[in-house]
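Following: one structure in structure tokens, then a few remarks.
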Amino acid sequence: MNIEDRVINSVKGVLDKRPEVTLDSRLLEDLLVDSLDKLMVLSAIEDEFSIEIEEEFADVHTVKDIVVKLKARGF
Numbered sequence: 013m014n015i016e017d018r019v020i021n022s023v024k025g026v027l028d029k030r031p032e033v034t035l036d037s038r039l040l041e042d043l044l045v046d047s048l049d050k051l052m053v054l055s056a057i058e059d060e061f062s063i064e065i066e067e068e069f070a071d072v073h074t075v076k077d078i079v080v081k082l083k084a085r086g087f
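See below:
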């Protein structure tokens, strides 16, 4: 499974009854993610990739932003 699919599946796992999750999905506007949901999404990403989320993830706005941050870390 590629990194994009892993991120999408992690987000879907947290937001199971939200609109369709795609790379272009905006966390706030499209997926209706609140601050607690965002923490849960980032926690799921930590678990999936066995990493600790740093402050650079605080400014993610789309699912693709998460992928870009992970790729910058070498995934």
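First residue of the sequence shown? That's 13 in our numbering, and the numbers climb one at a time after it.
Just so you know, even glycine gets a beta-carbon here, dropped at the ideal spot from N, CA and C.
Since the model is a prediction, treat every value here as computed from it, not as a measurement.
query                                                                                                                          : result
Beta-carbon spacing of I15, F87 below 8 Å                                                                                      : yes
Whole runs of the alpha helix (DSSP H) within the stretch 24-65, excluding any shorter than 4 residues                         : 47-61
Cβ shell of S37 (< 6 Å), same chain only, five flanking positions each side left out                                           : L43 and V75
Rounded C-alpha distance that separates L82 from I65                                                                           : 10 Å
Nearest-angstrom Cβ-Cβ length linking V23 and V53, presumed shorter than 8 Å                                                   : 6 Å
Bounding residues of the alpha helix (DSSP H) (the contiguous stretch that carries V72)                                        : Careful: V72 lies outside any alpha helix (DSSP H) and carries neither H nor E.
Close Cβ partners of D45 (< 6 Å) along its chain, the five nearest in sequence each way excluded                               : Looking at the sequence provided, one finds Val at residue 45 rather than Asp. Around V45: L39.
Contacts around I57, its chain only, beta-carbon distance under 6 Å, and the 5 residues preceding and following it disregarded : S22
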